[in-house]
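Numbering (the UniProt record's numbering), first residue to last: 1 to 152.
The C-beta atom is built at its ideal place from N, Cα and C for all residues, glycine as well.
This is the structure:
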């Protein structure tokens, strides 16, 4: 795990790494943006599930995507996320992708919003207002409880 100050001056933790392979390339020989966005959405979903303590967290919104530079076959890239705010039913985060070796920025997304849903697919309050770095919010099996605080 590596931390550095993101474009907004706040720490971003880089938790996930990928090796750019031939099947990830576009017709120009660089990393296909769709592959990168799929990886970011998956990483953001995992982060949201852990922060909200709910396996039914879904992507609600992704702001403009700034493709700063490209990656090519063989590059090692890393993805970083940071929670920037909690709503009643949502979590907002920022994402950055960089080249692991050169540290050159590849992509930045200022806002990704996930919403916590109940078993019927309706937004549900999650009861959190701060980031956790522990495993205390890991979703539990339904028989063990929701993972949310009492009354939340």
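Looking at the DSSP output, residue 123 sits in a beta bridge with 117.
The secondary-structure analysis by DSSP pairs residue 104 with nothing; it has no beta-bridge partner.
Per DSSP, the continuous alpha helix (DSSP H) segment holding residue 33 begins and ends at 33–52.
Residue state for residue 23 is assigned as helix, using DSSP reduced to three classes.
Within 10 angstroms of the beta-carbon of residue 120 lie fewer than 16 other beta-carbons, which makes it exposed. Per DSSP, reduced to three states, the secondary structure at residue 138 is coil, with no helix or strand assignment. For residue 77, the enclosing beta strand (DSSP E) has its first and last residue at 76–86.
Annotated as proximal: residue 81 and residue 95, with beta-carbon spacing under 9 Å.
In this model, residue 113 and residue 12 are separated by some 16 Å (Cα to Cα). Just measuring C-alpha positions, the residue of 53, 138, 111, 40 sitting nearest residue 61 is 111.
As DSSP reads the structure, residue 72 sits in a beta bridge with 30. Around the beta-carbon of residue 53, 16 or more other beta-carbon atoms lie within 10 Å, marking it buried. In terms of Cα proximity to residue 18, the closest of 129, 40, 126 is 40. Taking C-alpha positions only, residue 14 is separated from residue 122 by approximately 31 Å. The C-alpha of residue 97 is placed about 14 Å away from the C-alpha of residue 72.
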